[in-house]
Amino acid sequence: MQAPTAGRFPYAETLATYRASGKHFVARNVTARLDGLRDNWQRIEGAEVDRRRLDDFLFVALDKVDGRYDYASYCALPVLGLDRMTAPGLTRREVLCQRDAAQLALLGDLAGFELDALEGTAEILPEKRPAPDLARRRLRLVLAALRPTLERESIVLRNAGPEGDARSVADHARARVSKAWRHRLDASMIPVHVVHDEYLFLRVLQSFEVTFAWIATVLQEAVSALPTAPARAVERLKLANVLLREALRLFPLIGSLQPAAFHDFRRFTEGASAIQSTGYKRVEALCSAPGAERLNSVAYRSVPQVQEEVRAGVPSLSAALETLRDDRASEPDDLALLDAEMTEFARQLGRWRQAHFELARRYLGERGGTGYTEGVPYLAETRQIPVFRSSPPGSS
Ligand code: HEM
1 MQAPTAGRFP YAETLATYRA SGKHFVARNV TARLDGLRDN WQRIEGAEVD RRRLDDFLFV
61 ALDKVDGRYD YASYCALPVL GLDRMTAPGL TRREVLCQRD AAQLALLGDL AGFELDALEG
121 TAEILPEKRP APDLARRRLR LVLAALRPTL ERESIVLRNA GPEGDARSVA DHARARVSKA
181 WRHRLDASMI PVHVVHDEYL FLRVLQSFEV TFAWIATVLQ EAVSALPTAP ARAVERLKLA
241 NVLLREALRL FPLIGSLQPA AFHDFRRFTE GASAIQSTGY KRVEALCSAP GAERLNSVAY
301 RSVPQVQEEV RAGVPSLSAA LETLRDDRAS EPDDLALLDA EMTEFARQLG RWRQAHFELA
361 RRYLGERGGT GYTEGVPYLA ETRQIPVFRS SPPGSS
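Note that the working numbering has the sequence shown beginning at 1, numbered continuously upward.
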């Protein structure tokens with residue numbers, strides 16, 4: 001028998017099978033076949049890039065049957081290549097360009113799906129389709145979330161109404177998306193059920209995750225630069241502020257989820273919660289090392305890798321700033337500029353937490369979270385945690 005080749009793996013058929021029932025209900029014989037590929041991994045031939053792609057895909061596709069389903073596998077973050085997506089040392093323009101490419105790919109694809117559904121041509125996730133009015137509002141919200149990206153990418157909308165403009169964005173996105181991104185987009189849409197709104201939920205989570213990953217990279221650079229090149233730290237903080245401010249535009253979009261649809265697919269997402277987002281927790285810890293209570297709580301127990309990094313001593317902006325302030329040679333102007341950008345970052349993160357808290361309160365009420373917290377009360381508490389724990393620069 002011929003050895004299977006990673007490059008010839010039938011992604012389209014496999015994805016169609018998964019999407020026909022949702023990952024939670026996919027037939028045992030299908031997962032058994034995929035599991036068989038893993039058992040014979042040594043025999044699978046092909047280029048390294050294709051083998052890695054298949055490995056990531058199987059990791060995501062088999063999470064439920066393996067009993068290790070979690071947030072990263074739910075959002076298909078390995079398939080998106082999130083851990084390889086960001087890199088230090090890029091200019092502001094390069095960072096924005098890469099983040100824009102991801103935003104355009106993810107949200108342009110979402111616009112395309114919503115339009116297809118509105119026009120009656122969407123085939124997947126047929127349950128609880130939004131009514132036309134909601135679908136049009138959602139298209140407007142996708143366009144609003146993408147506005148800064150569209151401006152930077154010189155994509156001009158013709159005021160052709162939500163459908164016309166969204167079609168134009170979806171077409172631009174499809175035309176500009178790289179081959180690598182095309183695969184990522186397709187293979188990262190593996191909902192647990194067959195409800196229309198899960199598409200929106202997944203793309204918005206993925207989009208937030210891309211932004212957290214970039215913010216963490218940029219903040220890491222700010223921490224490293226702070227002791228010797230404060231002006232560079234200020235520049236990186238400014239960039240982090242732009243990224244976070246723009247990400248807030250996703251909240252009205254996620255707020256267009258239909259509650260009944262959300263609760264329908266949420267029955268099968270138990271165990272996957274953004275409390276397991278390593279990107280978010282890295283951002284938090286880079287601002288200020290968590291206190292012992294938070295570090296040992298479910299907040300960091302849910303992200304063991306980050307918990308370990310913090311225990312090993314990740315330098316934070318708060319700590320680097322204390323050191324700079326204690327240095328009598330520090331320029332007051334540098335400290336004032338750092339103060340302004342850090343205050344702004346704390347304000348933006350505060351807005352993020354508040355918007356997220358309100359979202360959870362609206363959709364969950366008294367229900368517990370899928371990450372095994374009591375839900376809204378956990379968020380009510382965590383939104384109070386100071387972003388930076390040192391006193392502001394220049395105040396001493
Ligand atoms: C209807 C939508 C949403 C609801 C109802 C919701 C609810 C919750 C709840 C209850 C928690 C507490 C942990 C748990 O037990 O699960 C949580 C944590 C979290 N959520 Fe959401 N969430 C929603 C959307 C989002 C989105 C779109 C993001 C963006 C990535 C997000 C990011 C986070 C993060 C980062 C945490 C951890 C916060 C911390 O540990 O301090 N959530 N969410």
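Glycine residues also receive a C-beta, built at the ideal position from the N, C-alpha and C atoms.
Buried or exposed for residue i, please, with buried defined as at least 16 other CB atoms from any protein chain shown within 10 angstroms of its CB.
i	result
T91	exposed
R236	buried
V310	buried
N241	buried
P162	buried
F25	exposed
K179	exposed
A105	buried
R203	buried
W41	exposed
R99	buried
A260	exposed
S396	Because the pLDDT of S396 is 34, which lies under 50, any placement of that residue in the model is unreliable, and the number read from its coordinates should be weighed accordingly. Burial call: exposed.
P130	buried
R267	exposed
D327	exposed
S154	exposed
R8	exposed
P10	exposed
A233	buried
Q276	buried
Q354	exposed
Q384	exposed
Q220	buried
V169	buried
T121	exposed
Is residue i helix, strand or coil by DSSP?
i	result
T269	coil
R389	coil
E331	coil
T373	coil
V194	coil
V142	helix
E341	helix
Q348	helix
L257	coil
Q354	helix
R383	coil
E13	helix
E147	As written in the sequence, residue 147 is Arg, which differs from the Glu given in the question. Helix at R147.
G394	A caution first: G394 carries a pLDDT of 38, below 50, which makes its placement in the model unreliable, though a value can still be read off. Looking at G394 - three-state DSSP - the assignment turns out to be coil, as it is neither helix nor strand.
R362	helix
P137	It should be noted that the sequence gives Arg, not Pro, for residue 137. If DSSP states are grouped into helix, strand and coil, R137 belongs with the helices.
R367	coil
Y378	helix
What are the start and end residues of the alpha helix (DSSP H) that includes residue i?
i	result
K179	K179 to A187
C97	R92 to L118
F9	Per DSSP, F9 belongs to no alpha helix (DSSP H) and is neither H nor E.
Q220	D197 to A225
G161	G161 to R176
K128	Note, K128: premise wrong, no alpha helix (DSSP H); not H, not E.
R245	P230 to A247
I155	From DSSP, I155 is part of no alpha helix (DSSP H); its letter is neither H nor E.
T121	Per DSSP, T121 belongs to no alpha helix (DSSP H) and is neither H nor E.
S316	Here S316 belongs to no alpha helix (DSSP H), and DSSP marks it neither H nor E.
Against chain C, does residue i count as a neighbour if the rule is that its beta carbon must be under 8 Å from one of theirs?
i	result
S168	Here chain C cannot be found, since the structure has a single protein chain.
What do you reckon, is the C-beta of residue i under 7 Å from a heavy atom of the ligand ADP?
i	result
G375	Within the structure as shown, the ligand ADP is missing, the only ligands being the ligand HEM.
Tell me the DSSP bridge mates of residue i?
i	result
T5	E45
Quiz item: At which residue ranges does the region 19 to 100 contain complete alpha helix (DSSP H) runs of 4 or more residues, listed in the order of the chain?
Solution: Runs found: 28 to 39, 48 to 61, 63 to 66, 71 to 74, 77 to 80 and 82 to 85.
Quiz prompt | Start-end ranges of the beta strand (DSSP E) lying completely within the region 259 to 314, minimum 3 residues | solution = List check, beta strand (DSSP E) in window: nothing returned.
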